[in-house]
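I have placed the structure first, in the form of structure tokens, so that the comments after it can refer back to it.
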Amino acid sequence: IPVQNIRNFSIIAHVDHGKSTLADRFLEITGAIAKESGESQVLDRLQVERERGITVKAQSASLKYVMNNTEYMLNLIDTPGHVDFSNEVSRSLATCQGVILLVDANQGVQAQTVANFFLAFSNDITIIPVLNKIDLKNAEPERVSEQLNTLFDINKDDILKVSAKLGTGVEDVLKAVINRVPPPSVNRDASFRALLFDSWYDRYRGVILLVYITDGMLQTGDEIASIHTQKCYEVKSLGLLRPEEEPCHKLLAGQVGFVTCNMRTTEEAQIGDTLHHKKQKVDSLHGFKPLKPMVFAGVYPMDQSQHTSLRSAIEKLVLNDSAVTVTIDSSWTVALGHGWRLGFLGLLHMEVFNQRLDQEYDAQAVITAPSVTYKAKLKGEKNIKRYGRSEISFSNPVYFPDPTIVEEFLEPMVMGTIITPDSYLGPIMSLCIEHRGVQQNSKNIDNHRVMLQYLMPLNEIVIDFYNQLKSVSSGYASFDYEEYDYVSSKLIKLSILLNGIPVDELSTIVHISKASVMGRRMCLKLKEIIPRQLIQIAIQAAVGGKIVARETLKPFRKDVTAKLYGGDVTRKMKLLKRQAEGKKKMKMVANIELPRETFIDVLKR
Ligand code: GTP
Numbered sequence: 340i341p342v343q344n345i346r347n348f349s350i351i352a353h354v355d356h357g358k359s360t361l362a363d364r365f366l367e368i369t370g371a372i373a374k375e376s377g378e379s380q381v382l383d384r385l386q387v388e389r390e391r392g393i394t395v396k397a398q399s400a401s402l403k404y405v406m407n408n409t410e411y412m413l414n415l416i417d418t419p420g421h422v423d424f425s426n427e428v429s430r431s432l433a434t435c436q437g438v439i440l441l442v443d444a445n446q447g448v449q450a451q452t453v454a455n456f457f458l459a460f461s462n463d464i465t466i467i468p469v470l471n472k473i474d475l476k477n478a479e480p481e482r483v484s485e486q487l488n489t490l491f492d493i494n495k496d497d498i499l500k501v502s503a504k505l506g507t508g509v510e511d512v513l514k515a516v517i518n519r520v521p522p523p524s525v526n527r528d529a530s531f532r533a534l535l536f537d538s539w540y541d542r543y544r545g546v547i548l549l550v551y552i553t554d555g556m557l558q559t560g561d562e563i564a565s566i567h568t569q570k571c572y573e574v575k576s577l578g579l580l581r582p583e584e585e586p587c588h589k590l591l592a593g594q595v596g597f598v599t600c601n602m603r604t605t606e607e608a609q610i611g612d613t614l615h616h617k618k619q620k621v622d623s624l625h626g627f628k629p630l631k632p633m634v635f636a637g638v639y640p641m642d643q644s645q646h647t648s649l650r651s652a653i654e655k656l657v658l659n660d661s662a663v664t665v666t667i668d669s670s671w672t673v674a675l676g677h678g679w680r681l682g683f684l685g686l687l688h689m690e691v692f693n694q695r696l697d698q699e700y701d702a703q704a705v706i707t708a709p710s711v712t713y714k715a716k717l718k719g720e721k722n723i724k725r726y727g728r729s730e731i732s733f734s735n736p737v738y739f740p741d742p743t744i745v746e747e748f749l750e751p752m753v754m755g756t757i758i759t760p761d762s763y764l765g766p767i768m769s770l771c772i773e774h775r776g777v778q779q780n781s782k783n784i785d786n787h788r789v790m791l792q793y794l795m796p797l798n799e800i801v802i803d804f805y806n807q808l809k810s811v812s813s814g815y816a817s818f819d820y821e822e823y824d825y826v827s828s829k830l831i832k833l834s835i836l837l838n839g840i841p842v843d844e845l846s847t848i849v850h851i852s853k854a855s856v857m858g859r860r861m862c863l864k865l866k867e868i869i870p871r872q873l874i875q876i877a878i879q880a881a882v883g884g885k886i887v888a889r890e891t892l893k894p895f896r897k898d899v900t901a902k903l904y905g906g907d908v909t910r911k912m913k914l915l916k917r918q919a920e921g922k923k924k925m926k927m928v929a930n931i932e933l934p935r936e937t938f939i940d941v942l943k944r
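Here the working numbering is used: the first residue of the sequence shown is 340, the next is one more, and so on.
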């Protein structure tokens, strides 16, 4: 296929605006899958994605489409829609010359639409605006077109209107891709160069690389090397994803395809890396922003006998999700034993990772409360000498430095964008203030909707902000954020004690203004989630040795068989067995049984 007949594009949209449905229609129209094969949302492969209805991992497909007697190859790069995964969006965009900006004609522009638009816009990518769900009786294509015009200066005549569900207008979108998106500008005569933009792990073939070839070509048997790791590999197989694998012998510049080369470990497949022929040196392609975890949490096996199996599950999952960083956590050996400290893009990313551990590897893990990375400027020559530097970083509350040696604490901020119907403006602004947000901007995007921008501490939004926002706006407000800077902040470590024993796994770093509110809230929450036990449990929150809150959990003898009369032994056994199974999900900490979700739930409302 000549380069001028190739189009590389992707669909970007806010969650649930219909990206997967539209992708399915594309697959049907181009014959990649049979119509009404019953396989809805073919590109969402993982079970987690199906359950939560979100796309976690970008998947791609090369589609054949004939227009005016010319055959085109349309490479569709699927991108995730959720705020946590905006990095995956940007790395997919590095391979694209065009995007379909898909907007629900009923919901209108949402926070992620804004973020995604600017991501594509700043990368100089052709944007095809498409309104979806025009079959809905409360669709308002006029109003939403107006929003696109107000916010992004998009010409209303350029906007396409479709129903991905019914297929209406979908073919026009493919035609627009061919007509409006330029073919990739690549050089097939140069020596081989490719951008590595995705990878996943296959038990038999090792790491599978998804690459975008920018120069020359690649054949099976070629010797390739990575600029980043300097390692060499022999290409074992190549092919296109349609979306099933279709092996071939050659991939040419402009194409997107998969490569296997006996690569064995995660570290070798660095997303954004440049591949080249072993003997021909090339310059590195500057791909996209490196993935950067924002939220860190400890992960531990339920008991130490599961340590090895959990480790191998984590290693395999990380192969499929290079956005997760892993370090060995040796600090919290007292209660939870040996574990790891994992870095995630956000809270949803963390929950999805945990769920995949459960579902795909049957590995049950205890995950501790997430934290962001803080900084501390040290006081005095002596301390600076001791640490070997004047500023230290930490995310684990265990490493919270002694405040007497700290000149100043710093915390990371984000710029949050909220789009909401104006009737919820009051409660949303209160929520933002409660989370220490400072309003930067507000703009009417039509007669009833407002876009707000707040500068907020990252730690205020990683836990539960999104859910609270949804709840105060009856689900109508949307939210997205981007990194900002570090600013000076008065931070303290809030410790939790169970029967007088400090449980580091439950401690957290908070702003001083929140110490007693958070302390009280955490104690109440723990009282609610810790099941009553044979002993009385005192739950206390403390700051620097001073108790700021306390709750007492009364003892309780859980005699589940007491209600049974007569001698039905099997029934009694069943009940006892169920009780024992309930226990298995518990984690012993400070001689107290804690449900394994405790460490995260304690911070939620
Ligand atoms: P993420 O993968 O989470 O980003 O979601 P998505 O954007 O891929 O959305 P998806 O395709 O899963 O669609 C979300 C919901 O909207 C589903 O229930 C679809 O059936 C529905 N939907 C998609 N397109 C249309 C449409 O044209 N009309 C109607 N009425 N519903 C649609």
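Where a beta carbon is used, it is the ideal one built from N, C-alpha and C, also for glycine.
Host beta strand (DSSP E) of residue i (start-end)
i, result
"ASP511", "Premise fails: ASP511 lies in the alpha helix (DSSP H), 509-519, not in any beta strand (DSSP E)."
"MET861", "Here MET861 belongs to no beta strand (DSSP E); instead the alpha helix (DSSP H) covers 854-868."
"LEU557", "556-558"
"ASN471", "465-471"
"ILE939", "No beta strand (DSSP E) holds ILE939; the alpha helix (DSSP H) holding it covers 937-940."
"THR599", "595-599"
Limits of the unbroken alpha helix (DSSP H) element including residue i
i, result
"MET752", "That residue, MET752, is in no alpha helix (DSSP H); its beta strand (DSSP E) goes 745-760."
"VAL691", "686-700"
"PRO766", "764-773"
"GLN436", "Note, GLN436: premise wrong, no alpha helix (DSSP H); not H, not E."
"LYS724", "719-726"
"LEU614", "Note, LEU614: premise wrong, no alpha helix (DSSP H); beta strand (DSSP E) at 613-616."
"ILE800", "797-800"
Whole-angstrom C-beta distance between residue j and residue i, which should lie under 8 Å
i, j, result
"ILE874", "ALA816", "That pair is no contact at about 44 Å."
"LEU366", "ALA400", "6 Å"
"LEU499", "VAL512", "6 Å"
"THR664", "GLY682", "4 Å"
"ILE868", "ILE931", "At roughly 12 Å, the Cβ-Cβ gap does not stay under 8 Å, so ILE868 and ILE931 are not in contact."
"SER775", "ILE610", "The question names Ser, but residue 775 in the sequence shown is Arg. Contact flag wrong, Cβ pair sits at about 33 Å."
"LEU614", "THR553", "Not a contact, Cβ separation roughly 10 Å."
Residue i in three-state terms, based on DSSP
i, result
"ARG871", "coil"
"VAL711", "coil"
"SER813", "coil"
"VAL395", "Residue placement at VAL395 is flagged as unreliable, the pLDDT there being 40, under the threshold of 50; the coordinate-derived value follows with that caveat. It is coil, neither helix nor strand."
"ASN735", "coil"
"TYR543", "coil"
"GLU388", "Here the model assigns GLU388 a pLDDT of 46, short of 50, so the residue's position is not dependable and the matter cannot be decided."
"PRO841", "strand"
"LEU535", "strand"
"ASN806", "helix"
"SER484", "helix"
"LEU364", "It should be noted that the sequence gives Arg, not Leu, for residue 364. Helix."
"ILE653", "helix"
"SER349", "strand"
"PRO742", "helix"
"PHE895", "coil"
"LEU458", "helix"
"ASP496", "helix"
"GLN643", "helix"
"ARG527", "coil"
"GLN451", "helix"
"VAL928", "strand"
"LEU490", "helix"
"GLN343", "helix"
"SER359", "helix"
Beta carbon of residue i nearer than 8 Å to that of residue j
i, j, result
"TYR540", "LEU658", "yes"
"CYS587", "LEU580", "no"
"LEU749", "TYR793", "no"
"LEU404", "LEU415", "According to the sequence shown, residue 404 is Tyr rather than Leu. Contact flag unset, no."
"VAL595", "THR452", "no"
"LEU557", "VAL574", "yes"
"PRO640", "ALA592", "no"
Test: residue i CB closer than 8 Å to a CB of chain C
i, result
"GLN643", "No chain C appears in this structure, which consists of one protein chain only."
Between the region 497-514 and the region 560-567, do at least 3 Cβ pairs fall closer than 8 Å? No, because fewer than three Cβ pairs between the region 497-514 and the region 560-567 fall closer than 8 Å, the two stretches do not touch.
Would you call the region 466-475 and the region 827-841 touching, i.e. three or more CB-CB distances under 8 Å? No, the region 466-475 is not in contact with the region 827-841.
Measuring CB atoms only, is the region 849-861 touching the region 763-773, in the sense that at least three cross pairs come out at less than 8 Å? Taking 8 Å as the limit for Cβ pairs, the verdict is that the region 763-773 does not touch the region 849-861.
Specify whether the region 519-530 and the region 442-462 touch according to this definition: at least 3 beta carbon pairs, one from each stretch, less than 8 Å apart. As far as the Cβ criterion goes, the region 519-530 does not touch the region 442-462, which means the pair count is below three.
Taking 8 Å as the threshold, find out whether the region 485-495 comes into contact with the region 775-786 through three or more Cβ pairs. Contact holds between the region 485-495 and the region 775-786, because three or more Cβ pairs, one in each stretch, are under 8 Å apart.
Counting pairs of Cβ atoms below 8 Å between the region 711-729 and the region 687-700, do you hit three or more? The region 711-729, when compared against the region 687-700, does not touch it at the 8 Å Cβ threshold.
Could you say if the region 736-752 and the region 818-829 meet the contact criterion of at least three C-beta pairs nearer than 8 Å? Under the 8 Å Cβ criterion, the region 736-752 counts as touching the region 818-829, having at least three qualifying pairs.
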